[in-house]
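What follows is a set of notes on a single structure, which appears directly below.
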Amino acid sequence: MATAAEPDDAVLFAGVSLVLGAACRHLFRGTRVPYTIALLVLGVALGSLEYGTKDGLGKLGAGMRIWANINPDLLLAAFLPALLFESAFSMEAHQIKKCMAQMLLLAGPGVLMSTFLLGTALKLTSPYDWNWETSLLLGGLLSATDPVAVVAVLKELGTSKKLSTIIEGESLMNDGVSVVVYQLFLQMVLGRSFNTGSILMFLSEVSLGAVALGLAFAIISLLWLGFTFNDTILEMTLTLAVSYIAFYTVQDALKYSGILTVTALGMFYAAFAKTTFKGDNRRSLHDFWEIVAYIANTIIFILSGVIIADGVLRHNVHFERHGTSWGFLLLLYFYVQMARAAVVGALYLLLRYFGYGLDFKEAIIIVWSGLRGAVSLSLALSVKRASDTAQPFLKPEVGTMFVFFTGGIVFLTLILNGSTTQFLLHALGMDNLSVTKLRMSNYARHEILNKTLEAFGDLKDDEELGPADWVTVKKYITGLSNL
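Once you know that position 129 of the sequence shown is 129 in the UniProt record's numbering, the rest is easy, because the numbers rise by one and skip nothing.
Set out below in C-alpha cells:
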C-alpha cells in the first residue's frame, strides 16, 4: 500500500536521484554503458518497485509519485530551458554557421516528413481505429529526437566534430518544430478546423516568431552584460534567468515555441557572445551550465524511467484487454527507424551539398542517432492530461496508449540505439583517429616529451634537488620510465 505523500517527499526523490546519478557516473566511467541509459533503467526499476509491489518504496515512493504526476507543462518549463541553453551555448560558432543548413533540413522538412510517414503508418496498420488527426499527433510527438547518449559517445571517442554538431543541432531545432506540429494536430484532435492557409500561418507565426523573440532576448541580455566586468556570479545569474524567462514568455504567454526561442538564444550566445565573457569567467560559466544540465539530465532520465513503469503497470488491465499493444510497440519501433532512414535518404543529396558535406557512413550514424527522450514523453503526458478532460474528442484510453507507446519508444531507442552506437562506429571504422589528427597527436606527444626531458634536466641541476635519487624519480614519471 502506497505511503501518503507529503510535499517535501519530492525533495527526497530529487536527492536520491542525484545520488544514484553520481553512483552511475562513478561506476560506469570508462565503460561502454552510456550514462543516460543507466539512469533510465534505474528509473524503470524504481518505478516497478513502487507501482508493481504491494508495499512500494515508502517515503521515496511517495516523492516519486509526486514527480510522476507533475503537470507536463511544468516538467518542460523546469528542465528544458537549462538543457537547451547549455547544449546550444556549448556549440562552436564556426560549426554552427557551416552546419546550419543541414540542421535546418533535418529539423524542418525532416520533422514534417517523419510526422506524415509515422502518422500514415499508424493510421493504416494500428488496431485502434484512430482518425488521421490522432495518428498524426502521435507521429508528430515521436519525431522529437534526444540523442544525448549518442552525442556523448561521439565526443568521448573524439570522432567527427561536424557529425556531433549536426546531430545535436538538429535535435535542438526539431524538438521545437515537433512541439509546433504537436500543437497544431492537438488543436485538430480537439475539434478545431484549419485550412491550408491557416496551417501555414500558424506554423510561421509559432516558429518564426519564437526565433525572433529568442534573438531579441539574446541582444537585450548581451547589452546588459556589456556593462559588466569580471562578475562571474552576475553572468551566471543573468544567463540562467534569461533562458527561463524567455521560455516562459514565449511558451505560456504568447503560445509560441519556447524551445525554438531558447535554442535561438543559446546559439546566438555561442556565435556572438563568447567574447563578452573574459578569461576564467568563460570557463566558469561553461562549468556552471554543465553542472545545471547534468543535474537536469539526471533527474529527467530517472523520472522518465519511473513514468514508463507507471504507464505500463498502472494501466495493466487495459493492456491485458489489448494484447496486441506490446506487439504493435515493436512494430512502431520499426516504423520509427524506417521513417528516420527515409528522411535522411530523401535529404541525402542536399545534406552532402551543404556545409562540410556528409558521407554515407555519417548518414548511417545520423539515422541510428534518432533517439527519443524527455520532450516526446512530456508531450505524451500532456495528451494524457488533455484526454482526461477533453471527451468526446479525445478518450482517456487514447491518452493512456500515447504514454505507453511513447514511453516504450523512448526506452527501446535508448537501450537499442544508444547502447550500440559505439559498436556501429567501430564496425564502420569511424572510431579511429584520422591521419591528420593522428599526426597532430604524435607531434603533441613528442613536444610534451621534449619539455619533460628539459624540465627533468633543469631539476637535476638544481642546488636543493640535485642530490635526489633521480633514477627512482624517473620510474614514476609517465613517458620517462621506459627511456
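Virtual Cβ for every residue (Gly too), placed ideally from N, Cα, C.
Spatial neighbours of residue 428 in its own chain (CB-CB distance under 7 Å, excluding positions within 5 residues in sequence) are listed in chain order as 361 and 364.
The C-beta distance from residue 294 to residue 77 rounds to 19 Å, too long to meet the 8 Å contact threshold. Residue state for residue 57 is assigned as coil, using DSSP reduced to three classes. Under the DSSP assignment, residue 205 falls in the alpha helix (DSSP H) whose first and last residues are 196-225. Contact annotation: residue 96 and residue 273 have beta-carbon atoms that are not nearer than 8 Å. In this structure, residue 421 places its C-beta atom within 8 Å of the C-beta atom of residue 368. One alpha carbon belongs to residue 454, the other to residue 166, and they sit about 43 Å apart. Proximity to residue 218 across 85, 197, 102 and 203 peaks at 85, based on C-alpha coordinates.
Within the same chain, and ignoring the five residues on either side of residue 383 in sequence, the residues whose Cβ sits closer than 6 Å to its Cβ are 399 and 402. At a Cβ-Cβ threshold of 8 Å, residue 377 and residue 407 count as neighbours. Within a 10 Å sphere around the beta-carbon of residue 208 sit fewer than 16 other beta-carbons, which makes this residue exposed. Annotation: residue 278 to residue 230 spans about 7 Å, alpha carbon to alpha carbon. In this structure, residue 137 places its C-beta atom within 8 Å of the C-beta atom of residue 186. One Cα belongs to residue 285, the other to residue 235, and the distance between them is close to 7 Å. Take the alpha-carbon of residue 301 and the one of residue 82: they are about 14 Å apart.
Secondary structure of residue 108 (DSSP, three-state): coil. Within the same chain, 167, 171, 369 and 371 come within 6 Å of residue 147 by CB-CB distance, once the 5 residues on both sides are set aside.
Between the region 325-338 and the region 50-61 there are fewer than three inter-stretch CB-CB distances shorter than 8 Å, so the stretches are not counted as touching. Residue 69 holds the alpha-carbon nearest to the alpha-carbon of residue 303 among 69, 281 and 29. Per DSSP, residue 256 is not a residue of any alpha helix (DSSP H), being assigned neither H nor E. Proximity of the region 192-207 to the region 236-245 falls short of the contact definition, fewer than three beta-carbon pairs being nearer than 8 Å.
Residue environment analysis places residue 447 among the exposed positions, since fewer than 16 neighbouring C-beta atoms fall within 10 angstroms of its C-beta.
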